[in-house]
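All residue numbers for the sequence shown refer to the UniProt record's numbering, where the first residue is 1 and numbers rise by one. Where a beta carbon is used, it is the ideal one built from N, C-alpha and C, also for glycine. Below: the structure, in structure tokens.
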Amino acid sequence: MTEIDFSPLKGLRFNCLEGCGFCCSFPAEVREWEKYFSIILEKNSEAFRKWKNEYSCLNGIYTMRQRQDRGSCILLRDDKRCGIYDIRSLLCRTFPVKFFFGWRVQLYPSMSCRGFSDEAVNDMTDLGKEAIAELPEGLMDQMLEKSKALYASLPEKIHDYMTPDQLHTLLLEHVDKMLFYPWSVSDEARGEFEVELSSENFLNLPTYLTEELEWQVFRMEDGFVRRMILKETGETKNIDNIVYSNFSVKPLSSEAARDLSIYLSRLASTDHFAGVVYRKALEQGDNLISLSCLAVSELEKVKDMFLLKASLLAEFDKWEHVNERTIEDTIVMYDSCLATVPAIGMIL
């Protein structure tokens with residue numbers, strides 16, 4: 001029987017919130033082998049969009065079609081309930097649980113939702129076990145066999161190779177020593193932040209769910225960052241602006257620094273993040289930067305991007321500091337990107 005690691009889910013609780021539907025604003029992946037693939041097409045022949053990708057391993061993968069290519073899934077009803085709930089896709093059934101296939105199978109959370117709280121009814125480990133039951137028989141073993149073969153080849157391909165467990169230990173020790181100073185944010189992170197805010201592809205823009213369950217999106221145009229409501233129809237409405245040249249990274253309260261450290265430790269302990277580091281190592285070509293340096297650099301960039309996004313939310317809320325609430329809000333804003341960053345291994 002395949003051994004499965006549930007540790008990233010430990011201590012988390014989740015409830016799906018009535019009237020939210022935020023997860024339906026992302027283009028969910030659907031695969032041809034899924035149980036209800038053909039039945040969904042019978043219900044709505046326009047439900048899926050075919051992926052165009054040069055990688056053969058991604059053949060047979062589709063995404064749910066969105067309204068105007070940026071609003072909700074076309075199958076989401078006006079009351080923000082799924083129109084095909086009983087036959088919905090695998091990803092929709094298992095959210096917010098993600099599977100990562102590397103040297104083992106590990107389940108981890110996608111925390112891009114307001115449904116996580118200490119008071120929530122459902123234990124995430126239990127939801128992980130329910131998610132496993134949704135997988136077709138034999139699929140997990142097939143995917144793990146492929147990913148383990150891939151991981152077995154890494155020591156020969158990566159300079160100064162470290163095992164995933166060694167990477168986890170290194171990164172957790174680094175988090176303990178991290179400094180959360182506004183002036184320490186790198187130029188590289190600032191550049192990536194500006195590129196993301198300015199993206200012509202609407203799906204790459206930062207999105208956010210308010211406490212009132214309102215969908216929002218941020219975009220930089222003509223020197224202004226605009227905060228917009230995103231409607232299920234794909235239409236947007238501008239509600240606030242800031243001048244980007246006046247924007248600066250804000251200091252963190254001690255409680256905010258503590259909560260950010262806890263979040264980064266959770267992220268650094270996932271096999272998926274180790275897979276991201278391995279991908280960076282394989283992409284560096286002849287630079288031969290040590291794996292430990294790459295790992296620390298990647299985690300520092302995540303921290304810097306987090307500080308920038310947290311400061312953006314604080315700026316719109318007219319706060320001088322990033323506080324505990326801002327950290328919670330930024331996790332909602334940023335985690336969906338982090339949970340699906342391409343990595344060596346397979347994400348499901």
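Three-state secondary structure assigned by DSSP to residue i
i      : result
ASP123 : strand
ASP317 : coil
ARG219 : strand
LYS10  : coil
ILE331 : helix
GLU32  : coil
GLN106 : strand
THR63  : strand
PHE95  : coil
ASP304 : helix
VAL277 : helix
CYS57  : Because the pLDDT of CYS57 is 49, which lies under 50, any placement of that residue in the model is unreliable, and the question is left without a value.
CYS337 : helix
TYR85  : helix
LYS157 : helix
ARG77  : coil
Nearest candidate by alpha-carbon position, reference residue i, set the options
i      : options                           : result
ARG227 : ALA314, SER72, SER290 and PRO136  : ALA314
ASN44  : CYS24, LEU76 and LEU17            : LEU76
LEU90  : GLU192, GLU298 and ALA133         : ALA133
GLU298 : GLU119, SER198 and HIS174         : HIS174
TYR278 : ASP329, ASN238, GLY345 and ILE242 : GLY345
PHE37  : GLY60, PRO27 and VAL276           : GLY60
CYS24  : ILE4, ASP69 and THR326            : ASP69
LEU135 : ILE327, ILE239, TYR244 and TRP33  : TRP33
SER254 : ILE327, LEU171, LEU154 and GLU194 : ILE327
Proximal residues to residue i (C-beta, below 7 angstroms), its chain only, five neighbours per side dropped
i      : result
TYR55  : Because the pLDDT at TYR55 is just 49, under 50, the model does not fix this residue reliably, and the value given afterwards should be weighed accordingly. Hits under 7 angstroms: none found.
VAL249 : PRO182, VAL185, LEU307, LEU308 and SER311
ILE39  : ILE87
ASP304 : VAL185, SER186 and ALA189
GLY128 : PHE6, LEU9, VAL97 and LEU107
PHE316 : ARG227, ASP240 and ILE242
Whole-number beta carbon distance between residue j and residue i, since they are thought to touch under 8 angstroms
i      : j      : result
LEU260 : LEU267 : So it is not a contact: roughly 10 angstroms between Cβ atoms.
PHE95  : SER110 : 7 angstroms
LYS231 : GLY71  : 6 angstroms
ALA256 : VAL322 : 5 angstroms
ARG65  : GLU46  : 6 angstroms
VAL276 : ALA343 : 5 angstroms
Contacting residues, own chain, Cβ-Cβ under 6 angstroms from residue i (five flanking each side not counted)
i           : result
residue 436 : Any question about residue 436 goes unanswered here, given that the chain covers just 1 to 348.
ASP160      : SER290 and LEU291
PHE202      : ARG70
GLY11       : none
Own chain, CB closer than 8 angstroms to residue i, minus 5 neighbours either side, in chain order
i      : result
LEU144 : THR2, PHE101, ARG104 and VAL105
LYS301 : SER186, GLU188, ALA189 and GLU192
GLY115 : PHE14, ASN15, CYS16, LEU17, CYS20 and PRO96
GLU196 : ASN204, LEU205 and PRO206
ASP118 : ARG13
Counterpart residues of residue i in DSSP-defined beta bridges
i      : result
PHE116 : PHE14
ASP240 : ARG227
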